[in-house]
Amino acid sequence: MNEGLVRCIDIHKRFGKLEVLRGINLEVGRGEVVVIIGPSGSGKTTLLRCINHLEVVDKGRIYVDGELMGYQEVNGHLKEDSEREVARKRASIGMVFQRFNLFPHLTALGNVIEAPIQVKKVPRKEADAMGRELLAKVGLADKLQAYPAQLSGGQQQRVAIARALAMQPKLMLFDEPTSALDPELVGEVLEAMRALALDGMTMIVVTHEMGFAREVAERIIFMDEGVIVEEGLSKELIANPQHQRTQTFLSKVL
Amino acid sequence: MLAIRFDLDTVGDFLFDPIILEALRETLYIALLAMVLGIALGVILAVMRVSRNPLVSGMAGLYVWFWRATPVVLQLLLMYFGLRQLIENDFFRDNWTRWRAAVITFGLNEAAYMAEIARAGILSVESGQMDAAKSLGMTNLQAMRRVILPQALRVIVPPTGNEFVAMLKNTSVAFAIGVVELLNAAKIQAARNFRVMELYTVAAFWYLVVVSAFSVLQAELERRLAVGERERPETLLSRAMAVLGGRRGI
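Chains A and B, in that order, give the protein sequences.
Going by the working numbering, the first residue of the first sequence is number 131, and it counts up by one from there.
Going by the working numbering, the first residue of the second sequence is number 1099, and it counts up by one from there.
Shown next, in the form of C-alpha cells:
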C-alpha cells in the first residue's frame, strides 16, 4: 500500500481554552500538491506548524516519511524526542512564512547557505555553489549580496523559498506565502512555487490564491473551526463545492 | 571682591603625576576586565533565563536576584574579607588579592545586570526569526548563536555602554577593600598637599577623557552593527575617516 509522505491522524491542539484543531485527519502523497483554504482562525497555520513540530499536538500523531514527529516509538512506548532529534526531523521539512522571516543581518546568499553550513556541516564552497544555483533558479542571480532590507517583498519571499530548498527537504510547507505581498509581486512568487511543484516537490500550501489552487494543486482541503469540512480534487471542489460552508467561503474568495 | 583659591599650576602638576596615572590604569584595568567577565557571563545567563527548562532558567534567575539585590560594597566586603575569614587556606589567602577580588566581584555583579540587558535584547528579536531558524533544522543553541544574538546585539550595545560608564565610576567603591583607584588616589593626594579642588579637577578630567573616548568607540560599534539596514548612522569617527581618506588636497 502506498503510504503517504505526510500522515496526520486525529490531531487535536488547544491554546489555553481555545481548541484550534479538533480532530484533523490528513494524508498527503509523495509529489502531491495540496492546498488548504479556509477562514482565518480555522486552524490552517496551526496545522502546518504542528507538521514540522513548531507546535506540539495535544492528541494525535503526525508521520512524515514514516517518522513520527516529536516522538520515537520504543517498545510500544512513546518516548519524547530530544531537541537534537526534533531538529534533525525538521531539517527535511522546509517552511515558507507569510512574513518571510529572512535573517536581516545576512545577505541573500548568506541566508541561503547558513543552514546547510551550520546544520548539515556542508563545506562552505559547496554550500556557496548550491546557494548561487538556487537563487538563480528563483530568478535572483543578481541579488546574491543584497541584504533583505534592500529587496522587495516578492524578492525576499523568493530568497526564503531558496533558503528552505537549500536543506533539500522532502516536503515544503507554505503558510500564506503571498498574503503579505503587494499584488503585482504575487505572480513572481507563485511562479517559483509552480516550478517547484512541476519538479515533483511535495507541497502543502495554505493560501487564498484560488488561481494557484486550481492550476497547480491536485487537491484542495477546506478547513473551518478546527475541522476539515470538505476536501476534493481542486478543479472539482472549486466548480462543485458540496458543503454549504464551502460554498459560502468560496463565494467570498473567488 | 571674591577671592578664589585655585591654582591651575597644581592641576597641571598632578595631571600626569605618576601616582595619579597609576591609579587611572588600575581603574581602567578593573573596569575593563570586570566588564568582559560581566558581559560573557551575562549573555550566558540571559540565554539560560529564556530557556524553557525551569531548572536552567531558575538557576539563572536566582543568580540575578542575589547579585542585583545586594549593594556592591557589601559584595566586595563579603568576597574579600568574608572569604578570607571563611577559607583557612594559605594558598587561597596568598592569591586572593584585593585587586583580584575587586575584579571578580565587579564582574559577577555586572553579570546580573548584563543578564537582564541581554535578555531584553533577545526578547526584542521577533519570534519569526526563531521559527525560521528552527524550521531549517537549527537547534536552540545554534539559532541563538547565529540568528538571535547577532540581532540582539544592536539592542544590547547602548545600555551596555551605559553599564561600562557606570562601572568606571563604581570602581571608586573598591576603596572599601583597600584598592586605590583614581578617585581615592586623588583624594589622598588632595589631603597630602592641601589642594582639594585642584586634585578633584584632575580626577574629573580623567573620567571625562575616558568616557569621551569610549563614547566614540561605542558609536562606531553601533554603526558597524547596523549591517543590512537601509540607513546606517553617521558617527564622528566615520565622518572624520571619510574626510581624511576621501577628500585629500581640499
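In this text, a Cβ means the ideal position worked out from N, Cα and C, and glycines have one as well.
Notebook entry, point to check: Taking the Cβ atom as the reference point for each residue, do B/Tyr1211 and B/Gly1159 lie within a distance shorter than 9 Å?
Noted result: Contact flag unset, no.
Check: By Cβ distance, which residues of its chain are closer than 6 Å to B/Ser1222, with the 5 residues on each side in sequence left out?
Finding: Take B/Ser1222, set aside five residues on each side of it, and the residues of its chain with a beta-carbon closer than 6 Å to its own are Val1253, in chain order.
Item checked: Near-chain B residues of the segment 237-256 of chain A - C-beta to any C-beta below 7 Å -> So the close ones are Glu244, Ala245, Gln248, Val249.
Next item on the list: Could you tell me whether any Cβ in chain A is nearer than 9 Å to the Cβ of B/Ala1216?
Entry: Chain A contact via Cβ: absent.
Margin query: Under DSSP, the alpha helix (DSSP H) around B/Asn1282 begins and ends at which residues?
Written below: Start and end: 1280-1291.
Next item on the list: Report the residues of the segment 142-161 of chain A with a CB closer than 8 Å to any CB of chain B, ordered along the chain.
Entry: Cβ contacts with chain B: none found.
Check: How would you label B/Asp1188, buried or exposed, when you count the other beta carbons within 10 angstroms and need 16 or more for buried?
Finding: Label assigned to B/Asp1188: exposed.
Notebook entry, point to check: Looking at the C-beta of A/Phe227, does it have a partner C-beta in chain B at a distance below 9 Å?
Noted result: At least one chain B Cβ lies under 9 Å of A/Phe227.
Next item on the list: Could you name the residues that DSSP lists as bridge partners for A/Gly362?
Entry: Its beta-bridge partners are A/Ile350.
Next item on the list: Can you tell me which of B/Pro1116, B/Arg1198, B/Asn1207, B/Asp1115 puts its alpha carbon nearest to the alpha carbon of B/Ala1277?
Entry: Looking at the sequence shown, residue 1277 of chain B is not Ala but Val. The option with the nearest alpha carbon to B/Val1277 is B/Arg1198.
Note to self: I want to see whether chain B comes within less than 9 Å of A/Val136, judged by CB atoms only; does it?
What the structure shows: With 9 Å as the cut-off, A/Val136 does not count as an interface residue toward chain B.
Checklist line | At least three beta-carbon pairs within less than 8 Å, the segment 1224-1237 of chain B to the segment 224-236 of chain A | finding: In this structure the segment 1224-1237 of chain B lies against the segment 224-236 of chain A, because at least three pairs of beta carbons, one per stretch, are closer than 8 Å.
Notebook entry, point to check: From B/Leu1174 to A/Ile223, what distance separates their C-alpha atoms?
Noted result: For B/Leu1174 and A/Ile223, the distance between alpha carbons rounds to 53 Å.
Notebook entry, point to check: Between which two residues does the alpha helix (DSSP H) containing A/Arg262 stretch?
Noted result: From DSSP, the alpha helix (DSSP H) with A/Arg262 extends over 254-267.
Notebook entry, point to check: Quick one: which chain A residues come within Cβ less than 8 Å of B/Lys1232?
Noted result: Correct list: Leu184, Ala217, Arg220.
Check: Alpha carbon to alpha carbon, how far is A/Met353 from B/Val1325?
Finding: Spanning the two alpha carbons is a distance of roughly 42 Å.
Notebook entry, point to check: Going along chain A, which residues have a C-beta under 9 Å from B/Asn1238?
Noted result: Around B/Asn1238, the beta-carbon contacts reaching into chain A at under 9 Å are Glu213, Ala217.
Check: Can you pull the DSSP bridge partners for A/Cys138?
Finding: In DSSP, A/Cys138 forms a bridge with A/Leu156, A/Ile192.
Next item on the list: Anything in chain A within Cβ reach of B/Asp1229, meaning under 9 Å, just list it in chain order.
Entry: Those within 9 Å of B/Asp1229 in chain A are Arg179, Leu184, Met225, Phe227, Asn231.
Notebook entry, point to check: Are the C-beta of A/Asp140 and some C-beta of chain B separated by less than 9 Å?
Noted result: Not an interface residue.
Next item on the list: Can you have a look at A/Asp305 and say buried or exposed, based on whether 16 or more other CB atoms are within 10 angstroms of its CB?
Entry: Of the other Cβ atoms in all chains shown, 16 or more fall within 10 Å of the Cβ of A/Asp305; this residue is therefore buried.
Note to self: Checking 9 Å against the spacing of the C-beta atoms, do A/Gln275 and A/Ala325 come in under that value?
What the structure shows: No.
Notebook entry, point to check: For A/Leu303, which three-state DSSP category applies?
Noted result: It is a strand residue.
Next item on the list: Quick one: using the 10 Å Cβ neighbour count with 16 as the cut-off for buried, is B/Met1146 buried or exposed?
Entry: Buried, since its Cβ has 16 or more Cβ neighbours within 10 Å.
Checklist line | Buried or exposed (CB count within 10 angstroms, at least 16 for buried), A/Gln298 | finding: Flag for A/Gln298 reads exposed.
Notebook entry, point to check: Assuming A/Ile291 contacts A/Val268 under a Cβ cut-off of 8 Å, what Cβ separation, rounded to an integer in Å, is found between them?
Noted result: Yes, they are in contact, since the Cβ atoms of A/Ile291 and A/Val268 sit about 6 Å apart, within 8 Å.
Check: In chain A, what lies closer than 7 Å to B/Gly1226 by C-beta?
Finding: In chain order: Phe227, Arg229, Asn231.
Next item on the list: Could you tell me whether any Cβ in chain B is nearer than 9 Å to the Cβ of A/Pro234?
Entry: Output row for A/Pro234: interface = yes.
Note to self: Any beta carbon from chain B within less than 9 Å of A/Ala294's own beta carbon?
What the structure shows: Cβ-Cβ to chain B under 9 Å: yes for A/Ala294.
Next item on the list: Indicate whether A/Val158 and A/Thr332 have their beta-carbon atoms separated by less than 9 Å.
Entry: Yes, these two residues count as a Cβ contact at 9 Å.
Notebook entry, point to check: Which runs of the alpha helix (DSSP H), 4 residues or longer, sit entirely within the segment 158-230 of chain A?
Noted result: Within the segment 158-230 of chain A, the alpha helix (DSSP H) runs of at least 4 residues that lie entirely inside it are, in chain order, 174-181, 213-221.
Checklist line | Residues in the segment 1239-1255 of chain B having any Cβ partner in chain A nearer than 7 Å | finding: Result list: Gln1240, Arg1244, Val1245, Pro1248, Gln1249.
Next item on the list: Determine, using beta carbons only, whether B/Val1309 comes closer than 9 Å to chain A.
Entry: No, no contact with chain A.
Notebook entry, point to check: So what does DSSP say about B/Arg1150, is it helix, strand or coil?
Noted result: Three-state DSSP puts B/Arg1150 in coil, outside helix and strand.
Checklist line | Partner residues on chain B for A/Met95, Cβ-Cβ distance less than 7 Å | finding: Outside the displayed span of chain A (131 to 384) sits residue 95 of chain A, for which this structure offers no information.
Notebook entry, point to check: When the Cα atoms are used, what is the spatial distance from B/Lys1267 to B/Ala1129?
Noted result: If you take the alpha carbons of B/Lys1267 and B/Ala1129, they lie about 9 Å apart.
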